[in-house]
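Just add 290 to wherever you are in the sequence shown, counting from 1, and you've got the numbering used here.
Reviewing the structure listed below.
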Amino acid sequence: MAKNNFYQKILVAVNGKMSAVHTAMYGIMMARSYDLEIKFVYVVDTATLKYLAMNKLLVSDERLDFEEKLHQDGQNTLNYITSLAKAKGVDSEAELLCGGVYTEIIKAADAFNADVILIGGVDKDSLQRNVFSPDQIELLANSKIPVLVVQQPDIEKQFKIF
């Protein structure tokens, strides 16, 4: 690994949205271009599921079904993203976590000794343009390292020829 890089380790927070896949592509391009270590994390939001169950908005069986489906979605997303990295010759780590989204991302970044966290912006088709989710806002407010919001409209074309 090059010692003169401003960043040496990047953590990419992903979810099932297309903006997260685009963020992963951007991270893969960064990792390959600058010889960086990269780790992808997907957080199953069990904190919200627990809150919904405690307030009787979900019954116990529903909570378990949702949690199982979210685990599977998370693993599928991580498998897809790590296959993208591998296709570009980039070694990567991936981790499926459970808990509160922003707290788990911050803990994962700390454990990985990440220099920067990459997160996705707003999906192109979203009705709410330029609006961050509550978890993104908390991550931006509480992270002790820089958080880079990736908003790259033509990333798929760039990634294809990269």
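In this text, a Cβ means the ideal position worked out from N, Cα and C, and glycines have one as well.
Identify, in the order they occur along the chain, each residue of the same chain with its Cβ nearer than 7 Å to the Cβ of residue i, setting aside the five sequence neighbours on each side.
i           : result
residue 364 : 332, 334 and 386
residue 309 : 410, 411, 412 and 413
residue 432 : 392 and 396
residue 453 : This structure does not reach residue 453, given that the chain is present from 291 up to 452, and the question cannot be answered.
residue 402 : 299, 301 and 329
residue 452 : 319 and 378
residue 398 : 301, 331, 385 and 387
Could you check the C-alpha separation between residue i and residue j for me, to the nearest Å?
i           : j           : result
residue 366 : residue 373 : 11 Å
residue 358 : residue 323 : 37 Å
residue 434 : residue 450 : 33 Å
residue 345 : residue 339 : 10 Å
residue 370 : residue 351 : 29 Å
residue 394 : residue 448 : 30 Å
residue 304 : residue 342 : 23 Å
Which residues in the same chain as residue i place their Cβ atom closer than 8 Å to its Cβ, once the five residues preceding and following it in sequence are excluded?
i           : result
residue 446 : 312 and 315
residue 326 : 291, 295, 297, 298, 299, 300 and 320
Which of the three DSSP states, helix, strand or coil, is assigned to residue i?
i           : result
residue 410 : strand
residue 375 : helix
residue 438 : strand
residue 359 : helix
residue 340 : helix
residue 387 : strand
residue 402 : helix
residue 292 : Only weak support exists for where residue 292 lies, its pLDDT of 49 falling under 50; the value from the coordinates is given anyway. Coil.
residue 429 : helix
residue 380 : coil
residue 334 : strand
residue 302 : strand
Would you grab the beta carbon distance between residue i and residue j for me? Rounded to a whole angstrom, and I think it's under 8 Å.
i           : j           : result
residue 330 : residue 302 : 5 Å
I'd like the list of long-range same chain contacts for residue i, defined as Cβ closer than 6 Å, with 5 residues on each side in sequence excluded.
i           : result
residue 375 : 318 and 382
residue 390 : 337
residue 388 : 334 and 336
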